[in-house]
Amino acid sequence: MPKSKSAYSVPGKIGKTERHIIVVWVDNEAGVLARIAGLFSGRGYNIESLAVAEVDKKKHISRITIVTEGTPQVIEQINLQLKKLVPVHKVADFKRGEKDILFRELALFKMLANSKKQEKIKKLCKKFNPVVLDKTNKSFVIQVTALRAEIDKLALDLKRFGLISTSRTGSVAMTKGAKIFN
Amino acid sequence: MPKLISGAEIVFKALEDQKVEYIFGYPGGAVLPIYDELKNHKSVKHILARHEQGAGHAAEGYARSSGKPGVLLVTSGPGATNAVTALTDAYMDSVPLVCISGQVPTHLIGTDAFQECDTTGITRPCTKHNWLVKDVNDLSRVLHLAFEVATTGRPGPVLVDIPKDIQFKKGKYKFFKNSLKKKLNGKAVHKLSNKELDKFIDLMKKSSKPIFYTGGGVINSGPEASKYLRELVSLTGFPITSTLQGLGSYPGDDPQFLGMLGMHGTFEANNAMHDCDLMINIGARFDDRITGKVDEFSPKSKKIHVDIDPSSIGKNIKVDLAVVSDVSELLKSLIKRFKEKNKNFLNSNKQKTSKWWEQIDKWREKKSLNFINSNKIIKPQHAVQRLYELTKDQDTFITTEVGQHQMWAAQHYKFNKPNRWMTSGGLGTMGYGLPAAIGVQIANPGKLVVDIAGEASVLMTMQEMSTAVQYKLPIKIFILNNEYMGMVRQWQELLHEKNYSESYTAALPDFVKLAESYGCVGIRAKTPDELDEKIKEMINVQRPVIFDCVVDKSENCFPMIPSGKPHNQMILGPEEEEEISDEGKILV
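Note that the protein sequences, when read in sequence, are chains S and X.
In this text, residue positions in the first sequence follow our numbering: the first is 9, and each later residue adds one.
In this text, residue positions in the second sequence follow our numbering: the first is 1210, and each later residue adds one.
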């Protein structure tokens, strides 16, 4: 243990980190995303992905889904700090891997590929709800929806089929069954 | 159809409805319509500062000594950026401030117009919330909401940015009450169940080495909280220590009070915190100046934490019982429950904690605040002690700057009432004390207000003496002048082989002449013999005073916990200084 006589303490032991998905309902007002993102950067929390859109046109409520990683103490702080923000209505927190939660990400891939290759690619994407959005005789754009890790792997596999551009969303989440977040 | 009035008038209507008596500010292009409207609203008095930071700290001093929110009015661009230090200071120390800033007209926002800055962007991380008002019909709602956010839950600063065209535009005014959809930072009024209270009391009953650790939350909860705290401490017979911000909530000269804890706290307070078996934290936040090394912080104790802000609980230290509540409410119900169930507690408990008190008395015998006095040169601790002795019989308000003098003031000035001690603890803002004293004096006319200052700190906001003179505020600036940035010099002595890099101030002004040039009174004390007379002279002058107290240049502030050390390893004085490791140096 380092011996210190300085004006700040030495860092303590750092606990094991967990990946969490945090869903935040906010008033869709100017600067709200900056407030949320600023809270994360200002306190040194990590944002792995972020997805946001208005879900209630009448009340102007946006739903933000943030994937983050931290020790249980940090995750608790993220929750409590978010709840303090004025435009935040509620916060839901899920550990990655929880059984009754659905997660999805969407990705678009553009590839330089002839029709023969294109068939192979479609096969590769079969499990991930592939939709061909655009097609020419030398290029094509395919949309898939899947889990983050699956898209990671797919992107890797598609490299040898002439992948030239990738666009991905952050993860969105929803509970299974009739239950909703409270 | 309600009468349409200008945005500027709406601002004042809202201030009037919020019963604001004073605003601290500085005019400029983007707030001129609001300044123009000032003449029509006699109940709101404007205090013209000399710098927006000064206006901000004055508003803080006003808020902390009165319990009411401080209001600040600044212009766009540099006006707003100058206020940022004060806003951040208020954010760290939970001071309710409402800052109204002018902004360039809406059609110019984003064009890098003259005196434009992204005020809401810049102040987002240092306010509880801020608003850019783009529609005059939102203005009254936003202003009232701003006051509500600033003063509810854990208090703090807010900012309302009003573009110049909105100040001119006509709109409707309405008084909005309790428009906040939720209570911020926890519940303001949290009814505790008897089950919760019994758990609390049970922990107290089981403890043989208890300690109360109280903080600024007690002060923020209002004078009632201090009253209840005194009652609870006397009911239980437990020892109590306080953070820097909590001083005054419990009488500083009471035998159950162990003095301040933390980096420059007393030996007995820190050792009691380390060795206790029950720590009852009321309204304090386990700041790093308090905990030192987190892993070794009070290793054997059960911990109870009462805080109005849920995010303050469990942030730095894990606790066994978390109570989200206003301090006053909690103490009130706790005392009631306690009295119902435990009539003989004090007697039975005396035996249980007698060993603990014996141990505490042993620590006390170290007399950790002692220093070697001199009859040739004024020791800074001695100066504070004399100031205390000569002012303790009147209701005195003390503000400070930041550094050694601040710690000496906290150690040697004993406070008996809440809201009498205004210091920048969280942010540690040099230059806080002088303008804060101005705000304190405005809120407490006729009372003695002393800024215990260092010569380096006070020069950062010295221009505000002009404000004090303009409004005939007889504040006393008591400078412990050692010609060094004392705390920097102390760390350099202890950590950097006495390499006093840039911590000596050459070419200091002659503070007596400086006082005269501002039109206030300058007094200098050079020897211990003349100190008392000069202090009395200062107290008796009914005008602002700059007191140049020439003190020992090389005095260090002890005791201290070297960081990275637990509470039971304090340095008591110069004879105990050890060699400092290289690892320690990088952590400053």
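C-beta: ideal position from N, C-alpha, C; glycine also.
Because the structure is a prediction, the values reported are computed rather than measured.
8 Å Cβ cutoff, arginine 1333 (chain X) in contact with chain S: yes
Where cysteine 1326 (chain X) falls: helix, strand or coil (DSSP): coil
Chain X contact for lysine 11 (chain S) (CB, 8 Å cutoff): Only weak support is given to the placement of lysine 11 (chain S): the predicted model assigns it a pLDDT of 45, under 50, and the value that follows is read from those uncertain coordinates. Yes, lysine 11 (chain S) counts as interfacial toward chain X.
Any C-beta of chain S under 8 Å from that of lysine 1381 (chain X): no
Closest by C-alpha distance to lysine 118 (chain S), when choosing among S:Lys103, S:Asp101 and S:Leu141: S:Leu141
Alanine 1397 (chain X) versus isoleucine 74 (chain S) - alpha carbon distance: For alanine 1397 (chain X), the predicted structure reports a pLDDT of 45, less than 50, and the residue's modelled location is therefore unreliable. A value from the coordinates is still provided. Their Cα atoms are separated by approximately 29 Å.
Per-residue contacts from valine 1503 (chain X) into chain S (C-beta, under 8 Å): Ser17 and Gly20
Those residues which DSSP pairs with glutamine 151 (chain S) across a bridge: S:Leu116 and S:Val139
Pair within 8 Å by beta-carbon distance, phenylalanine 1421 (chain X) and phenylalanine 1385 (chain X): no
Buried or exposed by the 16-neighbour rule on C-beta atoms within 10 Å, applied to threonine 1736 (chain X): exposed
Residues bridged to glycine 1731 (chain X) [DSSP beta-bridge criterion]: X:Ile1755
Three or more C-beta pairs below 8 Å linking the stretch 1617-1634 of chain X and the stretch 1256-1264 of chain X: no
Contacts that serine 1303 (chain X) makes with chain S (C-beta to C-beta distance below 7 Å): Those do not exist, as serine 1303 (chain X) stays about 13 Å from chain S at its closest Cβ, beyond 7 Å.
is_contact[valine 94 (chain S), chain X] using C-beta, thresh 8 Å: yes
Cβ neighbours of isoleucine 1309 (chain X) in the same chain (closer than 6 Å, five flanking residues each side left out): Leu1282 and Val1369
Neighbour list for alanine 42 (chain S) in chain X, Cβ cutoff strictly below 8 Å: Gly1330 and Arg1333
Other residues of its chain near alanine 42 (chain S): CB distance less than 6 Å, five sequence neighbours each side excluded: none
Cβ of valine 31 (chain S) within 8 Å of any chain X Cβ: no
Three-state secondary structure (DSSP) of proline 1644 (chain X): helix
Interface flag, glycine 78 (chain S) vs chain X, CB-CB below 8 Å: no
Cα-Cα separation, lysine 1381 (chain X) to serine 1349 (chain X): 8 Å
Where phenylalanine 102 (chain S) falls: helix, strand or coil (DSSP): strand
Any C-beta of chain S under 8 Å from that of glycine 1728 (chain X): no
Proximal residues of chain X, C-beta to C-beta of leucine 88 (chain S) below 7 Å: Pro1519 and Ser1520
Residues of the stretch 1358-1378 of chain X whose Cβ lies closer than 7 Å to any Cβ of chain S, in chain order: Val1358
Status (buried if at least 16 other CB within 10 Å, exposed otherwise) for aspartate 1570 (chain X): exposed
Start-to-end residues for the alpha helix (DSSP H) that takes in isoleucine 1410 (chain X): 1403-1415
Buried versus exposed call for proline 19 (chain S) [16 or more other C-beta atoms within 10 Å across all chains shown]: exposed
Cα-Cα separation between glycine 1395 (chain X) and aspartate 1327 (chain X), rounded to whole angstroms: Residue placement at glycine 1395 (chain X) cannot be trusted, given a pLDDT of 46 that sits under 50; what the coordinates show is reported in the next sentence. For glycine 1395 (chain X) and aspartate 1327 (chain X), the distance between alpha carbons rounds to 30 Å.
Rounded distance between the beta-carbons of tryptophan 1572 (chain X) and asparagine 1480 (chain X), thought under 8 Å: 5 Å
Closer than 8 Å to chain X by CB, glutamate 84 (chain S): yes
Which of helix, strand or coil DSSP assigns to tyrosine 1693 (chain X): strand
Cβ-based neighbour list, proline 1460 (chain X), same chain, cut-off 6 Å, excluding 5 preceding and 5 following: Asn1625
Alpha-carbon to alpha-carbon, alanine 1619 (chain X) and glycine 1637 (chain X): 14 Å
Where glycine 46 (chain S) sits in the DSSP three-state scheme: helix
Arginine 71 (chain S) - DSSP class collapsed to helix/strand/coil: strand
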